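Enquirer: Under the numbering used here, the sequence shown has 64 at position 64, and the numbering climbs by one with no breaks.
The beta carbon of each residue, even a glycine, is placed where N, CA and C say it ideally should be.
As the structure is a computational prediction, the values presented were derived from the model and not from experiment.
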Amino acid sequence: WQLAVRHVRPMGNMPSSGPRRHSGSSTARAGRLATAAALVAAVAACSGGIASVSPGQPPALRRPTVAALLSSVAAAQGSSASAQETLTLKQVIAEQLLDDWKIRDYEAMRDDKARTSKFEAAIKRRLANTDGQATVVDIGTGAFALLAIMAARAGAKKVYAIERNVAAAERAKEVVERAGLQDKIEVIQGDAMQVELPERVDLIVSELIGSISTQEGVEPIIRDASRRFLKEMPSGTSGDTGACAQMIPARCQTLIAPVSYKDHSWLWLKRKVQSRGKSEEGAIRPLRLESETKDLVFLAPPQLLEDFNYCKTGDGNSAEERSFSFDIAGDVSADAAKFSGFAMWSRVVVDDQDVVEVGGQKSHWAYVVALMAPEPVAAVAPGTIRLRTVTDYSRDPVRYTFETDIPV
1 WQLAVRHVRP
11 MGNMPSSGPR
21 RHSGSSTARA
31 GRLATAAALV
41 AAVAACSGGI
51 ASVSPGQPPA
61 LRRPTVAALL
71 SSVAAAQGSS
81 ASAQETLTLK
91 QVIAEQLLDD
101 WKIRDYEAMR
111 DDKARTSKFE
121 AAIKRRLANT
131 DGQATVVDIG
141 TGAFALLAIM
151 AARAGAKKVY
161 AIERNVAAAE
171 RAKEVVERAG
181 LQDKIEVIQG
191 DAMQVELPER
201 VDLIVSELIG
211 SISTQEGVEP
221 IIRDASRRFL
231 KEMPSGTSGD
241 TGACAQMIPA
251 RCQTLIAPVS
261 YKDHSWLWLK
271 RKVQSRGKSE
281 EGAIRPLRLE
291 SETKDLVFLA
301 PPQLLEDFNY
311 CKTGDGNSAE
321 ERSFSFDIAG
331 DVSADAAKFS
341 GFAMWSRVVV
351 DDQDVVEVGG
361 QKSHWAYVVA
371 LMAPEPVAAV
381 APGTIRLRTV
391 TDYSRDPVRY
401 TFETDIPV
């Protein structure tokens, strides 16, 4: 009897905010009641249960088999299995100061061969048949004016290289002069959304992509540049093909998957993997792990969190909501018992021929892990982790909200 009562007893008062443990509906309580009833019946049967009662006759007693008892309890428990309890967790990533780049950061971008070589190949392809008459703008040219120099050497007549960071812009001017390209490349220090170009251009090149693709504000910058900087395409070349002919890269995407981070319980010893950005008050600082790290266990295949199409910018939405269901298989139950949060990483579609993959590859981009709790959470596998996200592009910095239901 005590076992049955404990099984259906409410869990006490629930907090109004923060982690919430719930069963989701009255179905769960009904399932627990069914299991409790089976336990009560089993206890009664073990001491001599009632087999049948006829009017005017004493009840006939019998002692059921152990197998019968286990079967009845299992059946009742099975009826409640579909009403698995969940723990709801909420977290936010909205980091400031991520654009405080140092020379070593620009060097890491330049020396990222997979990224740099594919951007260069795409620029050469795009400018190959322009007879040296194409004009280009490089947004966020950086300390080495890397894409601007690629465009100039690929045959552009004029390249405008915009850089907001004062020190990086001065360094870019020096690099351009040393390359002997000062007549072709004009470095402009300023915010791309405020700069006015002396003419409209044929091609926009940029690399404003974060480890969460849109985290550096690429979405509003490219929308604005598309409206103000680009020439109108000749008639007959409109649509996706025409627009993509004026943009490199073509898209940036963010993939997301639930993970277990092996050192989650030892974060106080792992300061170097915590993001250098300034997090929103009350939020857990996200992790930034090398793209080839072996310290993450992926609990389910990734899904698409973001897919920003440079070639079809439109007016855009100030915020985007998405919902995900990640099925966690039973063979990762040991790792699921140490659920940490959600890993995110970029994927860059440079053009119709080249894609830069980041996950599991050597890259200057990293995995960003949104930790959903200070300590690992014991998730149950097999089970389903549900996630709801809101990406607010109107905020500066971009604000990502994650709310997840974990089977426990």
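Applying the criterion that 16 or more other CB atoms from any shown protein chain within 10 Å of the CB defines a buried residue, is A128 buried or exposed?
Expert: Taking the sequence shown and counting its residues from 1, one reaches residue 128 at position 128. Counting Cβ neighbours within 10 Å, A128 comes out exposed, since fewer than 16 surround it.
Enquirer: Between L208 and I221, which are expected to be in contact by the criterion C-beta below 8 Å, what is the C-beta distance as a whole number of angstroms?
Expert: Taking the sequence shown and counting its residues from 1, the one referred to as residue 208 is at position 208. Taking the sequence shown and counting its residues from 1, the one referred to as residue 221 is at position 221. So it is a contact: roughly 6 Å between Cβ atoms.
Enquirer: Mind checking whether the beta-carbon of I209 lies closer than 7 Å to any heavy atom of the ligand ADP?
Expert: The ligand ADP is absent from the structure shown, which contains no ligand whatsoever.
Enquirer: Grab the span of the beta strand (DSSP E) containing C244 for me, first residue to last.
Expert: By 1-based counting over the sequence shown, the position of residue 244 is 244. C244 -> not in any beta strand (DSSP E); alpha helix (DSSP H) instead, spanning 239 to 244.
Enquirer: Expressed to the nearest angstrom, what Euclidean distance is found between the alpha-carbon atoms of M193 and S213?
Expert: Position 193 of the sequence shown, counting from 1, holds the residue named residue 193. Position 213 of the sequence shown, counting from 1, holds the residue named residue 213. Going by the C-alpha atoms only, they are around 19 Å apart.
Enquirer: What residue does the alpha helix (DSSP H) around F119 start on, and which one ends it?
Expert: Numbered from 1 along the sequence shown, position 119 holds the residue referred to as residue 119. From DSSP, the alpha helix (DSSP H) with F119 extends over 113 to 127.
Enquirer: What number of angstroms, rounded off, separates the C-alpha of L287 from the C-alpha of W365?
Expert: The residue you call residue 287 lines up with position 287 of the sequence shown. The residue you call residue 365 lines up with position 365 of the sequence shown. Going by the C-alpha atoms only, they are around 13 Å apart.
Enquirer: How big is the Cα-Cα spacing for V408 and G383?
Expert: Residue numbering aside, residue 408 sits at position 408 when the sequence shown is read from its first letter. Residue numbering aside, residue 383 sits at position 383 when the sequence shown is read from its first letter. C-alpha separation (whole angstroms): 9 Å.
Enquirer: According to DSSP, is R388 helix, strand or coil?
Expert: The count along the sequence shown starts at 1 and reaches residue 388 at position 388. Reduced to three states, the DSSP call for R388 is strand.
Enquirer: Which complete beta strand (DSSP E) runs does the segment 199 to 228 hold, if anything under 3 residues is left out?
Expert: 203 to 206
Enquirer: Does the segment 259 to 273 touch the segment 336 to 343, meaning 3 or more C-beta pairs lie closer than 8 Å?
Expert: yes
Enquirer: Tell me the DSSP secondary structure of K272 in three-state form.
Expert: Residue 272 sits at position 272 when you count from the first residue of the sequence shown. Note: K272 maps to helix in three-state DSSP.
Enquirer: Can you give me the start and stop residues for the beta strand (DSSP E) that I188 sits inside?
Expert: Mapped onto the sequence shown, residue 188 falls at position 188. 185 to 189 is the extent of the beta strand (DSSP E) around I188.
Enquirer: Provide the residue span of the alpha helix (DSSP H) that contains M150, from first to last.
Expert: Numbered from 1 along the sequence shown, position 150 holds the residue referred to as residue 150. Its alpha helix (DSSP H) spans residues 146 to 153.
Enquirer: In the DSSP assignment, what residue or residues form a beta bridge with A366?
Expert: In the sequence shown, the residue the question calls residue 366 occupies position 366. Partner(s): E290.
Enquirer: Is DSSP giving R347 helix, strand or coil here?
Expert: For the purposes of this step, residue 347 is taken as the residue at position 347 of the sequence shown. Note: R347 maps to strand in three-state DSSP.
Enquirer: Can you tell me which of the three DSSP states I284 falls into?
Expert: Reading the sequence shown from its first residue, position 284 is the one you call residue 284. In this structure, I284 counts as coil in the three-state DSSP scheme.
Enquirer: Touching or not, the segment 132 to 150 and the segment 107 to 122, by the rule of three or more beta carbon pairs under 8 Å?
Expert: Touching, yes, given that three or more Cβ pairs across the two stretches are closer than 8 Å.
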